[in-house]
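Each remark here refers to the structure printed beneath this line.
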Amino acid sequence: MEPPRPPFLSSSRPESSGSQRSSLRDPFQDQQSEASSIDGWSRPHSGADFASSSTLPGFPSQAPSQAHLPAGQDKEKDRLKEKVSADPFGSTYDLERGSTGPVVVETPSSSDPEKSDGTTTTATNLPRPKKNLWRRTKDAFWRTYYPKEEPGIVLPTGPTDEEKLTYVHTNRIPLYIFGILSFVTLSAGMWLFAVSAPYFAWYGVFVGFLNIYLLISYLVGVVGRDWDFAGHKAIVEQFPITDETAPTVDVYLPCCSEPREVIENTYKHILKLDWPAKKLQVYVLDDGNSPEIAALAASYGFNYIVREDRPRLRKAGNLRWAFARTQGDFFAIFDADFCPRPDFLKELVVEHMADDNTAIVQSPQFFRVTDEQTWVEQGAGATQELFYRVVQVNRNKWGASICVGSNAVYRRAALTEVGGTAEIGFSEDVHTGFGAVDRGWKVKYVPLCLATGICPNTPRTFFSQQMRWARGSTTLLTTKHFWVSNLTFMQKVCYLCGLLYYSAVSLGIFISPIPGTLLLFFRPDYFKYYNLAFAIPSILYGAVVFRYWSKAKYGFNVQHVMIVQSYAYLTAIKDRLFGIELLWAASGDNKAHKKSNKYRNMRLLCWLWTIISVGGVISAVTYRLVNGFPWYHTLPLIILNAYNVYITHYFLFCSWRW
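Using our numbering, the first residue of the sequence shown is number 78, and each one after it goes up by one.
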């Protein structure tokens, strides 16, 4: 059956007052399920899922479902299953296109995304022949360090009812108690090193800087308060959404060369947004100018916009172009990979309705951590929890929560005077929120997980994303306008924490290993095994306390990606200091990230610093041992250095081409 043709393909709101649901019809509603399945083997829908007798231009014909396989397809199905079973990399095979890399679909337990259990279905669930230990070890090594295929995509589903409330309770008090303890003990050890000899006094500059950052950070955290969940529920009840009371809302879906599977997965979730049809318009903002995406948008009944001034201002230019051509009272933005729950708009728009002075209502960027993801995705997803569960909530007390772009609802009236989002080529989200607060508007944060996204799945793309985020904050806080703005003192302090964080983390990778090596070389009389006591609380805080506090799967992959983060932040700060222009690329476009040498250069720097630091430890230990120094005093230094090498080695050895 041919999907209904959309009644419009324009950049303006239709004049007709008829029901919008007909133009937002799901083209897959006449099929038995949302994923073609062959004996437990699932794959995401593509354009091929339309009827083969009448497809849209550029769309391949439909793969037959299991219940209607024509003659001869059973053999083809068995052949493909055999190929999947024999593939050590878990590749998924498409009936039309052949191998597409390992594609995993998070399959909800019911058709309602709100009730999804977040489980996944993948080709690797099929039985496989057992391999000996050597073969399994070798395969695991190649998959981790030198994969032959580009990592597959784990398509998200909207947050479940349980996941929706993940960040409502911060449990911040135990977290801050252990954090302050680790801060005090580590700082004491660093200061003792700095004053142990006149030639170590320079180290006190870094210790002082670190103390300033941590004091401000913990002050904001301890004085902050948890989110008023009961108050939000009262607002939802106070402002019921009906056809008469609902304001008009535009949904912006910016994209630029992201994988088609990712984009279509998002469109399926957008189609289920629970909002009166006459008051909702969806706009696909395609900076890639792709005929395939144009056809996909048309099949879902979405408006399709391609701006004429590409690539000016990149994503910000795309959003500003759409802003000038749409009319909704509010607009929501979803990046190409974010899949919202049906109740997304009803949870956030009411916050605007309750306070006419609110410019932006921001919700978390939630990332589900699963076993099918790469180590980069797993670590990256878990690292986001602290910011969205604690930091943003604490800043909300002073109206200093930052806008992060996606998963937010914006008031058109608050941005009309400046023509839409901030006019900057990167991190326009942070600048947009700052500008709104500077003009007297409010930015509110609602810690309900209402949309699930995809983290970068390769080290290079993760590096580029983190570098771009850090560059946005450092650019804002190093301008005169920030310091003379109308923000309150505490709002400026909260924003300042971001710059201090990026600086402290990037400097820490070089400064932290220094005391032990220098002390053993020049002041061995102060070098004792029990000096480790100064560092133990910090080690336990990062490796144990966070693991039990976190709702996500918090493993050593978090430590691995934090090393990548550190060098990304260092690059952003260096580029800001030297005025180097940032090359922007969509997080999901792995090919675009290969155009920059920044990732390679930072890996080389990491190699150089690792060789220097490890070489220094080996030299110091060897020198003292041959001169009769007690060996047991050197054990803590050796163990800590080995741990640092372990958490760094992924960044050093993972030679991924993407």
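Glycine included, every Cβ here is placed at the ideal spot set by N, Cα and C.
In its own chain, which residues sit with a C-beta less than 7 angstroms from the C-beta of residue i, not counting the 5 before and 5 after it?
i	result
Cys-514	At residue 514 the sequence reads Val, which differs from the Cys that was named. Gly-476, Val-520, Leu-564 and Gln-568.
Lys-630	Val-446, Gln-455 and Ala-459
His-145	Residue placement at His-145 is poorly supported in this model, since its pLDDT is 39, which falls under 50; the coordinates still yield a value, given next. Closer than 7 angstroms at Cβ, skipping near neighbours: no residue.
Asp-327	Gln-358, Tyr-360, Thr-403, Gly-405 and Phe-408
Tell me the residue span of the beta strand (DSSP E) that contains residue i.
i	result
Thr-435	435-439
Gln-358	357-363
Ala-409	407-410
With C-beta atoms as the reference, is residue i less than 8 angstroms away from residue j?
i	j	result
Ile-586	Ser-504	no
Asn-434	Trp-304	no
Val-245	Phe-306	yes
Thr-460	Val-297	no
Arg-337	Gly-496	no
Leu-527	Pro-331	no
Pro-419	Asp-351	yes
Gly-301	Val-561	no
Val-486	Val-426	yes
Ala-413	Glu-335	yes
Ile-640	Ile-724	yes
Arg-249	Val-507	no
Gly-266	Phe-623	no
Ala-431	Ile-312	yes
Val-284	Ser-264	yes
Glu-500	Leu-390	yes
Pro-417	His-309	no
Return the Cβ separation of residue i and residue j in integer angstroms, given the expectation that the two are a contact with Cβ distance under 8 angstroms.
i	j	result
Phe-407	Arg-516	At roughly 17 angstroms, the Cβ-Cβ gap does not stay under 8 angstroms, so Phe-407 and Arg-516 are not in contact.
Leu-577	Ser-440	Contact doesn't hold; Cβ gap of about 26 angstroms is too wide.
Ile-410	Tyr-329	5 angstroms
Arg-680	Leu-729	7 angstroms
Asn-534	Pro-228	5 angstroms
Thr-498	Ala-393	5 angstroms
Leu-287	Ala-581	6 angstroms
Ala-374	Val-383	So it is not a contact: roughly 10 angstroms between Cβ atoms.
Val-339	Leu-232	7 angstroms
Arg-600	Ala-274	6 angstroms
Tyr-606	Tyr-709	6 angstroms
Phe-444	Cys-532	5 angstroms
Tyr-295	Ile-257	6 angstroms
Only counting the same chain, and skipping five residues up and downstream in sequence, which positions put a Cβ closer than 8 angstroms to that of residue i?
i	result
Ile-715	Val-694 and Val-698
Ser-732	Tyr-222 and Tyr-223
Gln-442	Phe-415, Gln-461, Tyr-465, Val-481, Ser-483, Asn-484, Ala-528 and Gly-530
Arg-472	Val-297, Gly-301, Ser-478, Ile-479, Tyr-522 and Cys-571
Gln-636	Gly-456, Gly-619, Ala-620 and Ile-724
Leu-554	Tyr-572, Leu-573, Gly-575 and Leu-576
Asp-320	Pro-353, Lys-355 and Lys-356
Tyr-280	Met-267, Phe-270, Ala-271, Ile-588, Ile-591 and Pro-592
Could you give the first and the last residue of the continuous alpha helix (DSSP H) run that contains residue i?
i	result
Leu-682	675-703
Asn-380	Where Asn-380 is concerned, there is no enclosing alpha helix (DSSP H), although the beta strand (DSSP E) it sits in stretches over 380-382.
Ala-371	368-376
Thr-725	712-730
Lys-392	391-400
Trp-560	557-560
Less than 6 angstroms between C-beta atoms, sequence neighbours within five positions excluded: which residues of the same chain meet that for residue i?
i	result
Phe-598	Ala-697
Ile-318	Lys-423
Pro-592	Phe-270
Asp-364	Cys-333, Arg-387 and Asn-395
Glu-92	Because the pLDDT at Glu-92 is just 37, under 50, the model does not fix this residue reliably, and the value given afterwards should be weighed accordingly. Within the same chain, Glu-92 has no close Cβ partners at all.
Asn-634	Trp-452, Gln-455 and Gly-456
Asn-547	Looking at the sequence provided, one finds Ala at residue 547 rather than Asn. For Ala-547, where only same-chain residues beyond five positions count, the Cβ hits under 6 angstroms are Tyr-579, Tyr-646 and Ala-649.
Thr-325	Lys-356, Gly-405 and Asp-406
Leu-242	none
Lys-474	Gly-301 and Arg-302
Ser-690	Pro-590
With a threshold of 8 angstroms between beta-carbons, can residue i be considered close to chain C, or not?
i	result
Ser-562	Looking at the structure shown, chain C is missing, and only one protein chain is on hand.
Item to complete: Entirely within the region 216-285 and at least 4 residues each: give me those alpha helix (DSSP H) ranges in chain order.
Response: For secondary structure counted as the alpha helix (DSSP H) over 4 or more consecutive residues, the region 216-285 holds these complete runs in sequence order: 238-241 and 249-271.
Worksheet item: In chain order, which continuous runs of the alpha helix (DSSP H) of length 4 or greater are located wholly inside the region 578-660?
Response: DSSP runs (the alpha helix (DSSP H)) wholly in the region 578-660: 591-599, 613-617, 623-626 and 633-655.
Discussion item. List, from N- to C-terminal side, the beta strand (DSSP E) runs of 3 residues or more that fit wholly inside the region 476-543.
Written reply: The qualifying runs are 485-488 and 519-522.
Worksheet item: Residue ranges of each alpha helix (DSSP H) run of no fewer than 4 residues wholly in the region 279-363, ordered along the chain?
Response: Qualifying alpha helix (DSSP H) stretches, in chain order: 280-300, 306-315 and 337-347.
Discussion item. Threshold first: 3 residues or longer. Then list the beta strand (DSSP E) segments lying entirely within the region 418-468, N to C.
Written reply: Annotation: the region 418-468 contains the following complete segments of the beta strand (DSSP E) (minimum length 3 residues), in chain order: 435-439.
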